[in-house]
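All remarks here apply to the structure that follows.
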Amino acid sequence: MPLTYYLVLGAILFSLGVLGVLTRRNAIIIFLSIELMLNAVNLTFVALSNHVQNLDGQVFVFFVMIVAAAEVAVGLALIVAIFRLKETVYVDEINLMKW
Amino acid sequence: MQEILFFVLAAVAVLSALGMLLNKNPVYSVLLLIVTLFSIAGLYVLLNASFIAAVHLIVYAGAIMVLFLFVIMLLDIRADVEHINLKRLSRILALLATFIFLGETFLIIWMSLKGKAAFVGLGEGILGDVPSVGELLFTKYLLPFEIASVLLLVAIVGAIILAKRKLRPEPPAA
Amino acid sequence: MNTAIGTIDWIPVAPFIALSVLGFLIMIIGLFFPRIYRETLGTITLVGLAVTFFLILQNWGEPRYAFANTIVGDKFSTVFNGLFVVGAALTILLSLNSQENRYLLYADYFTVIVFATAGMVLMSAGTHLLTIFLGLETLSIALYVLAGFRRENAFSLESAFKYFLLGAFASGFLLYGIALIYGATGSADIQEVTRWIQQNSLTGSLMLPIGFLLLFVGLGFKLAIFPFHMWAPDVYQGAPTPISAFMATGSKAAAFAALLRVALSTQSYTAIAWEQVLWVIAVATMTIGNIIALRQDNIKRMLAYSSIAHAGYILIGFIANNELGHSGMLFYLLSYTFMNIGAFGVISYLSTAEHEFVTLGDVRGLAYRRPFAAIAMAVFMFSLAGIPPTAGFISKFYIFSAAVKAGYVWLVILGVINSMISLYYYLGVVVQMFMSAVEEKAPATATQQPAVALALVVSMFAVLGLGIFPSRWLAVFMEMARSFI
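Chains as they are written, first to last, in this note's numbering: chain B, 1 to 99; chain E, 100 to 273; chain D, 274 to 758.
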């Protein structure tokens, strides 16, 4: 039953991404973990597309990639802007307001 | 054969993802994530999604990760001093959340063991090659495709606004 | 799969197209006329929004599906889209404070607001999870940029940054949910999913309920409901004031639109017996929002916590799950748009570039210095607190009576207790304005703000009008709620 394996792999990668977002302090690594989560979702989509035998899931993956690219453009621009102002990328040092 | 390939690729993906998480140096993290992305591309091929596999490599490994590396180099970010800290409450919640997700995986296993999940091997069933995915994109998903262009435009405008160094001279008031 | 150009029904997509064209237009005007007056830009935007509003109204009626069922024009989308466009127009008026927002008023700013509205329009009109997702992302990316628009200001950038990280994190959950729904039913088209649920059952496959759960978690982040509310205060405090108003009203309403569209079409939340979970979430959201709001000194931050609490009240209508509940949610969102934009508007009305007019100390004795602003603020505070004869009272009344009808008496009692707690901090602002003497070193307030004053007057009329003559609007919303069943 290889489909199960794919879904489990997707869930493990997604969990690793969540763990990274919640435990790391470096904004860039948090961002990388979010990318990992999106990739886990993409893998799940493609596996399920194979399971239900239509291509809609793969089209979804295509759009997720577009969104990921857009988010990366804006997110990295934000990181650069913050770094210029505060010389740090650690989320706990970017904290003027109570979190 | 396919199962062996799957396990090799899956092991590489999980191990390098773990490596990305635990590594102190952001540059290594990016490189390890690229390894994960490559093995995911291999899995896409196994799942008959050749178009997605190609786009995935071009967009993710080729463009997005290079952008990450570029920013890290540009800002000259050093390795973390303290990379994972499990003392704070939020970190414990993080572990909890992760365990919930792992629990969910077991639910999925349980579900599919009931004989519902089928799998179509390499080269069988419908294939996600360029013509068939392309046809869907320009018929059924025409509107989302156009929406995506607006989305990308917003992102371009936004990235320029945020990363521009100086504000323009302010526009006059009437 | 027949999408030959000649057969396309353009009316359902017309609002989205109009907003996209408007966004391009403003951007190009800004490119060729960099020295254009910002009032001119604002006026062009408002005219464009008026045209969009007209196009939105054409959708009122039987559902009209277009583009292979990815988008629909129906009563539901008409009502919500009208709300979004009105919210955007008021936001533009607030932004025309020429003394505070000098850094904001480039063509880019108006462009991004218009594109954000285009994203919202897709969230309420989308009948395919992909359309809804792309709408949500267009909205989110635009809001990240808007929140960080004052990029020389550390608070503004921090606000954008936190919003971005949590927003991207949340869309991961949302997508995972969509993936599981797709895997269980073989489609992400809401109609197909509904058909599948009718033929099989919702709990037949474990993947489907988990999928819906994750989808709602993703939307919960956008709604800022417990336990996903932590970002809201920081983001609202740091963002430019008109943008905070826009986020608290428009973006929240858009997330509710997507939630209602999915839940009402598929009837998914009744079948999985979410009521108990949602019950707890609603109570926790209200209570946490109100209790923490009690000890805020910064009015923007207080309004952020109050906006969390209001999301909790609106959830009560969702839990009640009857016609009055759904139309009450709409009524609440409409009133909330006016009273909240109004309250943020008063801050915008008084702030100068040197001093953001946000603390309780700033408003001390305001009634003697700026009576119009003080009266407007008082009206909005009364409405937020739910005191008759304002819109806030009527909306709470509808929502609570819907919940009583559905048998959730305890939920209503807790809601009423929460409203009483909230009286304390809303009236605290009013007391500061009317009862205290003016401080000697009070900072200068902005003067000559015709655009913001116009927004305040419109909002005051709406808040009182909805409060005194609610039945006409409720009838419209009831018709919308009925069209789903």
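Idealized CB from N, CA, C, for every residue including glycine.
Residue i: contacting residues in chain B (beta-carbon distance under 8 Å)
i: D/VAL749; result: Correct list: empty, because the minimum Cβ distance to chain B is about 34 Å.
i: D/TYR698; result: Neighbours of D/TYR698 on chain B: none; closest Cβ ~17 Å, over 8 Å.
i: E/LEU251; result: ILE66, ALA69 and ALA70
i: E/VAL113; result: LEU9, ILE12, LEU13 and LEU16
Closer than 9 Å at the beta carbon, the chain E residues around residue i
i: D/THR404; result: LEU242, PRO243 and ILE246
i: B/MET65; result: ILE151, VAL154, HIS155, VAL158, TYR159 and ILE163
Bounding residues of the beta strand (DSSP E) (the contiguous stretch that carries residue i)
i: D/GLY399; result: Counting along the chain, D/GLY399 falls outside any beta strand (DSSP E), and DSSP gives it neither H nor E.
Where residue i meets chain E, residues with beta-carbon distance less than 7 Å
i: B/VAL91; result: Those within 7 Å of B/VAL91 in chain E number zero; the least Cβ separation is about 11 Å.
i: B/ILE29; result: PRO125 and SER128
i: B/VAL46; result: TYR143, LEU146, ALA148 and ILE151
i: D/GLY421; result: LEU261
Partner residues on chain E for residue i, Cβ-Cβ distance less than 8 Å
i: B/ILE34; result: Within 8 Å Cβ-Cβ: nothing; B/ILE34 doesn't reach chain E, min ~11 Å.
i: B/LEU55; result: ILE225, GLY227, SER231, VAL232 and LEU235
i: B/VAL74; result: ALA254, GLY257, ALA258 and LEU261
i: D/SER293; result: VAL249
Boundaries of the alpha helix (DSSP H) in which residue i is found, first to last residue
i: D/VAL345; result: Premise fails: D/VAL345 lies in the beta strand (DSSP E), 344 to 346, not in any alpha helix (DSSP H).
i: D/ARG755; result: 744 to 755
i: D/ALA726; result: 723 to 741
i: D/TYR671; result: 664 to 678
i: D/TYR338; result: Careful: D/TYR338 lies outside any alpha helix (DSSP H), inside the beta strand (DSSP E) at 337 to 339.
i: D/TRP552; result: 548 to 567
i: D/ASP507; result: 504 to 511
i: E/SER231; result: 229 to 237
i: D/GLN705; result: 682 to 708
i: B/GLU35; result: 27 to 52
i: E/TYR143; result: 125 to 145
i: E/VAL170; result: 164 to 174
i: E/ALA247; result: 241 to 262
i: E/MET119; result: 101 to 121
i: D/ASP282; result: Counting along the chain, D/ASP282 falls outside any alpha helix (DSSP H), and DSSP gives it neither H nor E.
i: D/PRO500; result: Premise fails: D/PRO500 is in no alpha helix (DSSP H) and is neither H nor E.
i: D/THR514; result: 514 to 519
i: B/GLN58; result: 56 to 86
i: B/TYR5; result: 2 to 23
i: E/ILE151; result: 149 to 155
Neighbour-count burial assignment, residue i, 16 or more Cβ in a 10 Å radius
i: E/ILE255; result: exposed
i: D/TYR641; result: exposed
i: E/GLU223; result: exposed
i: B/LEU16; result: buried
i: D/PRO515; result: buried
i: E/ILE260; result: buried
i: E/PRO271; result: Here E/PRO271 scores only 49 on pLDDT, less than 50, and its place in the model is too uncertain to base an answer on.
i: D/TRP683; result: exposed
i: D/LYS759; result: No information on residue 759 of chain D is available, as it lies outside the stretch 274 to 758 that chain D covers here.
i: D/GLN569; result: buried
i: D/TYR586; result: buried
i: D/TYR436; result: buried
i: E/LYS263; result: exposed
i: B/LYS98; result: Residue placement at B/LYS98 cannot be trusted, given a pLDDT of 48 that sits under 50; the coordinates are not used to answer.
i: D/GLU335; result: exposed
i: D/PHE742; result: exposed
i: E/MET172; result: exposed
Supposed contact pair residue j and residue i - C-beta distance, whole angstroms, cut 8 Å
i: D/ASN613; j: D/ALA582; result: About 12 Å separates the two Cβ atoms, so there is no contact after all.
i: D/ALA505; j: D/ALA420; result: D/ALA505 to D/ALA420, Cβ: 12 Å. No contact.
i: E/PHE137; j: E/ASP228; result: Wrong, their Cβ atoms sit about 20 Å apart, outside the cutoff.
i: E/LEU236; j: B/VAL59; result: 6 Å
i: D/GLY615; j: D/LEU532; result: About 25 Å; that fails the 8 Å criterion.
i: D/THR400; j: D/GLN472; result: Actually they are not in contact, since the Cβ atoms of D/THR400 and D/GLN472 sit about 19 Å apart, beyond 8 Å.
i: D/LEU430; j: B/ILE82; result: 5 Å
i: D/SER695; j: D/ALA658; result: 6 Å
i: D/TYR417; j: B/VAL21; result: That belief does not hold up - the Cβ atoms of D/TYR417 and B/VAL21 are roughly 16 Å apart, past 8 Å.
Neighbour list for residue i in chain D, Cβ cutoff strictly below 8 Å
i: E/PRO116; result: In the sequence on display, residue 116 of chain E carries Ala and not Pro. By Cβ distance, chain D contributes nothing, its closest Cβ being about 14 Å from E/ALA116, past 8 Å.
i: B/VAL21; result: LEU438 and PHE442
i: B/LEU78; result: TYR417, GLY421, LEU430, ALA433, PHE434 and PHE437
Under 9 Å from the C-beta of residue i: neighbouring residues of chain D
i: B/ILE102; result: With chain B covering only 1 through 99, there is no way to say anything about residue 102 of chain B.
i: B/VAL105; result: This structure does not reach residue 105 of chain B, given that chain B is present from 1 up to 99, and the question cannot be answered.
- Which runs of the alpha helix (DSSP H) spanning at least 4 residues fall entirely within the stretch 311 to 340 of chain D, listed in chain order? 311 to 330
- Item | Inside the stretch 587 to 651 of chain D only - alpha helix (DSSP H) runs reaching at least 4 residues | 596 to 623 and 639 to 642
- Query: Hey, which unbroken runs of the alpha helix (DSSP H) at 4 residues or more fall wholly within the stretch 425 to 494 of chain D?
  - Reply: 427 to 458 and 463 to 472
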